[in-house]
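A.B. asks: Can you read through this structure? Questions will come right after.
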Amino acid sequence: MHDFNYKHNNLYCEAVNIEELAEKYGTPLYVYSRNTLISHYRKIKEAFRPVNPLICYSMKANSNFSICKALVKEGAGLDIVSRGELYRALKTRVSSKKIVYAGVGKKESEIEMAIRHRIFFFNVESIPELELINKVAGRLGVRQKVAIRINPDVKAGTHKYITTGHGENKFGIDFVTAKKIFLDRRKYENLSVSGIHMHIGSQIVKSGPFIKAMKKVADFIKDLEICGAGIGWLNIGGGLGIIYSKEKPQTAKEYAGAIMPILKRIKANIILEPGRFIVGNAGVLVTRVQYIKETPSKKFAIVDAGMNDLIRPSLYGAYHEILPVRSRSYSGSKDIRVFDVVGPICESGDFLGKDRKFVRLKEGDLLSVMGIGAYGSSMASNYNSRLRACEVMVEGDKVRVIRRRETYEDLIRAEI
Ligand code: LLP
Numbered sequence: 000m001h002d003f004n005y006k007h008n009n010l011y012c013e014a015v016n017i018e019e020l021a022e023k024y025g026t027p028l029y030v031y032s033r034n035t036l037i038s039h040y041r042k043i044k045e046a047f048r049p050v051n052p053l054i055c056y057s058m059k060a061n062s063n064f065s066i067c068k069a070l071v072k073e074g075a076g077l078d079i080v081s082r083g084e085l086y087r088a089l090k091t092r093v094s095s096k097k098i099v100y101a102g103v104g105k106k107e108s109e110i111e112m113a114i115r116h117r118i119f120f121f122n123v124e125s126i127p128e129l130e131l132i133n134k135v136a137g138r139l140g141v142r143q144k145v146a147i148r149i150n151p152d153v154k155a156g157t158h159k160y161i162t163t164g165h166g167e168n169k170f171g172i173d174f175v176t177a178k179k180i181f182l183d184r185r186k187y188e189n190l191s192v193s194g195i196h197m198h199i200g201s202q203i204v205k206s207g208p209f210i211k212a213m214k215k216v217a218d219f220i221k222d223l224e225i226c227g228a229g230i231g232w233l234n235i236g237g238g239l240g241i242i243y244s245k246e247k248p249q250t251a252k253e254y255a256g257a258i259m260p261i262l263k264r265i266k267a268n269i270i271l272e273p274g275r276f277i278v279g280n281a282g283v284l285v286t287r288v289q290y291i292k293e294t295p296s297k298k299f300a301i302v303d304a305g306m307n308d309l310i311r312p313s314l315y316g317a318y319h320e321i322l323p324v325r326s327r328s329y330s331g332s333k334d335i336r337v338f339d340v341v342g343p344i345c346e347s348g349d350f351l352g353k354d355r356k357f358v359r360l361k362e363g364d365l366l367s368v369m370g371i372g373a374y375g376s377s378m379a380s381n382y383n384s385r386l387r388a389c390e391v392m393v394e395g396d397k398v399r400v401i402r403r404r405e406t407y408e409d410l411i412r413a414e415i
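Using numbering that gives the first Met the number 0, the letters of the sequence shown map in sequence onto residues 0 to 415.
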C-alpha cells in the first residue's frame, strides 16, 4: 500500500501532481508521502500491540530529519549506528531512553558520547567492544544497559550483502560465547548485561528465517534462565521485506502472528527495529529523460538521476519499478520500446533499471523510480561532483521541502 497513484494519467503523491513538483523543485527529486510513512509505522505498531513493543525506527534506512521527527512524534524510538546518527537523533528530541545503538565498529569517542547522553541500550557485537563500553561507563560513573547481539547462524534468504545473521557475517556473537558473557556478567561492573539483540538481515520476505532464528534465541533464553541469568529485554531487529516487484512478503500482521507465540513465552520486554518496512514505499525518485540514445545493441533512456542518487540497482542488482509520471495510452505493441534507464555517471554500473518497457518515451519525459524511501537518499553521495538532490514531503495537498538541493558551494564547503 502506498499513496502514489495515477489520476487522469498523471502520477500523484497523495493529492499533489508529481509533474508540478518536478517543475517547481527541479529534478532529480525525492518525493515522500507522509501518509504512507505514518501508516506503515502504525501497521507494525498495531500488529505487535499484544506485546507492546518499543519500536526503534532504524535511521539508516532514511535519516532525513523530518522523516525521523515525524516518526518520533508518533512515539517511535530510534535505532542508530554512528555518532552522526546519534547527533541527528538528539536533534529530533527523541527521548534518549528510546535510542538503541548497534554496529560492529563503535569507536571510544562514539561510545562516550552515547553514554553521556544516556542512551537506552548498546547492542554489543564483540567481547572487546563489551570491555570498552564497561571501561568508558566506569570512567563516566554510569551503569550502562547493554544487549548482546546474537548471531543465530541462520540463512535469511536475501541478497548476500544484506544478510547479517549467518555464521560467516561479521555481526553478532555466537551462542557459546554469548552464554559465557551472561554467566560472567558480574565482571562487567559498570554494565547491566540485560538484553539480547538480533537482526538477521534485510528485505526478508518470508517468516521462515525469522521463526528459525527466534526459536534458537528462545531456547537460548530458556537455557540462560535455568542457569540463573534472566534477561529483561529482547530486541528482534528489523528486516521485514517490502514489495519492489513481484515479491509477496509477509504482512506485518502475518509476521507478528508467526513470531508472537514465541515472544509471549519469553518473559522480556520487546524492541523492534524496522527501517525499510516503514519508509521503503513512502518515497519515489523523480527524474527527467535527457537523451534517448540508440546503439546497434540497445536503447538507452539517459536520465538526470544516477547511482549517486540511488545506488541499490548498481550495488545489489536491486529492482525498482520505473513509471512514467504522465502515462500514455497505447494502441498496440508498436508503441512500446524497451530501454535501459541509465544515469549520467561515468560507470557502466550506473543504471536505475534494465530492459524496461515504455510507451513512446521521449526526451523531456519525467520518470518516477518507485520504492526508494529506504536506502535511497540515505546512501546518496556526491560522486562525480553531483549535487545531492532536493527532498520534499507531501501531506495531503501540502508540500514541504525537507532537504534543499545542494549548491556548488556546499559541494566544496569542507575542502581546503
Ligand atoms: N537493525 C539493524 C541492526 C540493522 O543493521 C538494520 C539494517 C536494521 C535494523 C533495519 O533493517 P530493515 O528493517 O530496514 O531491513 N542498504 C541495504 C540494506 C542494508 C540494511 C542494513 N541494516 C539495501 O538497500 O537493501
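All residues carry an ideal CB built from backbone N, CA and C; glycine is no exception.
Keep in mind the model is a prediction, meaning the values are calculated, not measured.
Going by beta carbon distance, what residues of the same chain come within less than 8 Å of threonine 406, once the five residues before and after it are set aside?
C.D. replies: As a working note, residue 406 is residue 407 in the sequence shown. Cβ within range, chain order: Leu386.
A.B. asks: For glycine 137, tell me which candidate among Ser191, Leu182, Ser94 and Ile37 has the shortest Cα-Cα distance.
C.D. replies: Here residue 137 is taken as the residue at index 138 of the sequence shown, counted from 1. Comparing Cα-Cα distances from glycine 137 to each of Ser191, Leu182, Ser94 and Ile37, the minimum goes to Ser191.
A.B. asks: Could you check if proline 273 belongs to the surroundings of ligand 1, using beta carbon to heavy atom distance under 7 Å?
C.D. replies: Residue numbering aside, residue 273 sits at position 274 when the sequence shown is read from its first letter. The answer is yes for proline 273.
A.B. asks: At a cut-off of 7 Å, is valine 198 close to ligand 1 when judged by its beta-carbon and the heavy atoms of the ligand?
C.D. replies: Position 199 of the sequence shown, counted from the start, is the residue given in the question as residue 198. According to the sequence displayed, residue 198 carries histidine and not valine. True, at least one ligand heavy atom lies under 7 Å from that Cβ.
A.B. asks: For tyrosine 502 and methionine 197, I'd like the C-alpha separation in whole angstroms.
C.D. replies: Lying before the first or after the last residue shown, residue 502 is absent from the chain, which here runs from 0 to 415.
A.B. asks: Answer yes if the stretch 124–141 comes into contact with the stretch 60–71, meaning at least three C-beta pairs across the two stretches below 8 Å, and no otherwise.
C.D. replies: Judged by Cβ distances under 8 Å, the stretch 60–71 makes no contact with the stretch 124–141, as fewer than three pairs qualify.
A.B. asks: Tell me whether glycine 236, by its Cβ, gets closer than 7 Å to a heavy atom of ligand 1.
C.D. replies: Numbered from its first residue, the sequence shown carries residue 236 at position 237. For ligand 1, at least one heavy atom lies less than 7 Å from the Cβ of glycine 236.
A.B. asks: Could you tell me the distance, in whole angstroms, from the CA atom of arginine 82 to the CA atom of glutamate 109?
C.D. replies: For the purposes of this step, residue 82 is taken as the residue at position 83 of the sequence shown. For the purposes of this step, residue 109 is taken as the residue at position 110 of the sequence shown. So the two alpha carbons sit approximately 5 Å from each other.
A.B. asks: In whole angstroms, give me the CA-to-CA distance for alanine 88 and glutamine 202.
C.D. replies: Residue mapping note: residue 88 aligns to position 89 of the sequence shown, counting from 1. Residue mapping note: residue 202 aligns to position 203 of the sequence shown, counting from 1. Roughly 24 Å between the two C-alpha positions.
A.B. asks: Taking the straight line between their C-alpha atoms, what separation do you get for isoleucine 292 and cysteine 345?
C.D. replies: On the sequence shown, residue 292 is found 293 positions in, with the first residue counted as 1. On the sequence shown, residue 345 is found 346 positions in, with the first residue counted as 1. The sequence given here has lysine at residue 292, not isoleucine. About 16 Å.
A.B. asks: I'd like the list of long-range same chain contacts for valine 391, defined as Cβ closer than 8 Å, with 5 residues on each side in sequence excluded.
C.D. replies: By one-based count along the sequence shown, residue 391 stands at place 392. Around valine 391: Leu20, Tyr24, Leu28, Tyr29, Val30, Tyr31, Val398, Arg399, Val400 and Ile401.
A.B. asks: For valine 358 versus arginine 327, is the C-beta spacing smaller than 8 Å?
C.D. replies: Counting from 1 along the sequence shown, the entry for residue 358 is found at position 359. Counting from 1 along the sequence shown, the entry for residue 327 is found at position 328. For valine 358 and arginine 327, yes; Cβs fall inside 8 Å.
A.B. asks: Give a yes or no on contact between the stretch 282–290 and the stretch 299–318, applying the rule of three or more CB pairs nearer than 8 Å.
C.D. replies: With the cut-off at 8 Å, the stretch 282–290 and the stretch 299–318 touch.
A.B. asks: Exposed or buried, which one is methionine 485 when buried takes at least 16 other CB atoms within 10 Å?
C.D. replies: Not covered by the structure: residue 485. The range shown for the chain is 0 to 415.
A.B. asks: Between the C-alpha atoms of proline 52 and glycine 274, what's the straight-line distance to the nearest angstrom?
C.D. replies: Taking the first residue of the sequence shown as 1, we reach residue 52 at position 53. Taking the first residue of the sequence shown as 1, we reach residue 274 at position 275. Those two C-alpha atoms are separated by around 15 Å.
A.B. asks: So what's serine 377 in DSSP terms, helix, strand or just coil?
C.D. replies: On the sequence shown, position 378 is the one that residue 377 refers to. Here serine 377 sits in helix by DSSP.
A.B. asks: Which residues mark the beginning and the end of the beta strand (DSSP E) in which glutamate 293 is found?
C.D. replies: The residue labelled residue 293 in the question sits at position 294 within the sequence shown. Residues 282–293.
A.B. asks: Report the option in Val99, Pro127, Lys179 and Thr162 whose CA atom is closest to the CA atom of glutamine 143.
C.D. replies: As a position in the sequence shown, residue 143 is number 144, starting the count at 1. Measuring from the Cα of glutamine 143, the nearest candidate turns out to be Val99.
A.B. asks: From the DSSP secondary-structure annotation, give me the bridge partner or partners of serine 191.
C.D. replies: Start at 1 with the first residue of the sequence shown, and residue 191 comes out as number 192. Partner(s): Lys144.
A.B. asks: Based on DSSP bridge pairs, tell me the residues matched to alanine 317.
C.D. replies: Locating residue 317 in the sequence shown gives position 318, where the first residue counts as 1. According to DSSP, alanine 317 bridges with nothing at all.
A.B. asks: Suppose the cutoff is 7 Å on Cβ atoms and the five residues either side in sequence are ignored; what does the same chain contact list for lysine 90 look like?
C.D. replies: Position 91 of the sequence shown holds residue 90. Counting only Cβ-Cβ distances below 7 Å, and skipping sequence neighbours, we find Phe64.
A.B. asks: According to DSSP, simplified to helix, strand and coil, what is methionine 213?
C.D. replies: Residue 213 sits at position 214 when you count from the first residue of the sequence shown. The answer is helix: DSSP assigns methionine 213 an H, G or I state.
A.B. asks: List the endpoints of the continuous beta strand (DSSP E) containing phenylalanine 350.
C.D. replies: Your numbering for residue 350 matches position 351 in the sequence shown. Counting along the chain, the beta strand (DSSP E) containing phenylalanine 350 begins and ends at 350–358.
A.B. asks: Would the beta-carbon of valine 324 fall within 8 Å of that of leucine 10?
C.D. replies: Against the sequence shown, residue 324 aligns to sequence position 325. Against the sequence shown, residue 10 aligns to sequence position 11. Contact flag set, yes.
A.B. asks: With burial defined as no fewer than 16 other Cβ atoms inside 10 Å of the residue's Cβ, what is the status of isoleucine 132: buried or exposed?
C.D. replies: As a first step, residue 132 must be located in the sequence shown, where it is residue number 133. Isoleucine 132 is buried by the Cβ-count criterion.
A.B. asks: Within this structure, are the beta carbons of histidine 319 and tyrosine 382 separated by less than 8 Å?
C.D. replies: What you label residue 319 is simply residue 320 of the sequence shown in a count that begins at 1. What you label residue 382 is simply residue 383 of the sequence shown in a count that begins at 1. Contact: no.
A.B. asks: Considering glutamate 128, what are the terminal residues of the alpha helix (DSSP H) in which it resides?
C.D. replies: Within the sequence shown, residue 128 is the residue found at index 129, counting from 1. Run containing glutamate 128: 126–139, per the alpha helix (DSSP H) assignment.
A.B. asks: Find the nearest neighbour of glycine 331 within the set Arg311, Gly352 and Lys356, judged by alpha-carbon distance.
C.D. replies: For the purposes of this step, residue 331 is taken as residue 332 along the sequence shown, with counting starting at 1. That would be Lys356, whose Cα lies nearest to the Cα of glycine 331.
A.B. asks: Using a threshold of 8 Å, state whether the C-beta atoms of aspartate 384 and leucine 351 are closer than that.
C.D. replies: To locate residue 384, count along the sequence shown from 1; it is residue 385. To locate residue 351, count along the sequence shown from 1; it is residue 352. First, the residue type needs correcting, since residue 384 is serine and not aspartate in the sequence shown. It is not a contact, given that the beta carbons lie outside the stated cut-off.
A.B. asks: For the candidate residues Ile335, Pro248, His165 and Val341, whose alpha-carbon lies nearest to that of tyrosine 290?
C.D. replies: Looking up residue 290 in the sequence shown gives position 291. Ranking Ile335, Pro248, His165 and Val341 by Cα distance to tyrosine 290 puts Val341 first.
A.B. asks: Using only the heavy atoms of ligand 1, determine whether one of them is closer than 7 Å to the beta carbon of threonine 162.
C.D. replies: On the sequence shown, position 163 is the one that residue 162 refers to. Checking every heavy atom of ligand 1 against the Cβ of threonine 162, none is found closer than 7 Å.
A.B. asks: Would you tell me roughly how many angstroms separate the C-alpha atoms of glycine 207 and glycine 171, rounded to the nearest one?
C.D. replies: For the purposes of this step, residue 207 is identified with residue 208 of the sequence shown, where counting begins at 1. For the purposes of this step, residue 171 is identified with residue 172 of the sequence shown, where counting begins at 1. Cα-Cα distance, rounded: 20 Å.
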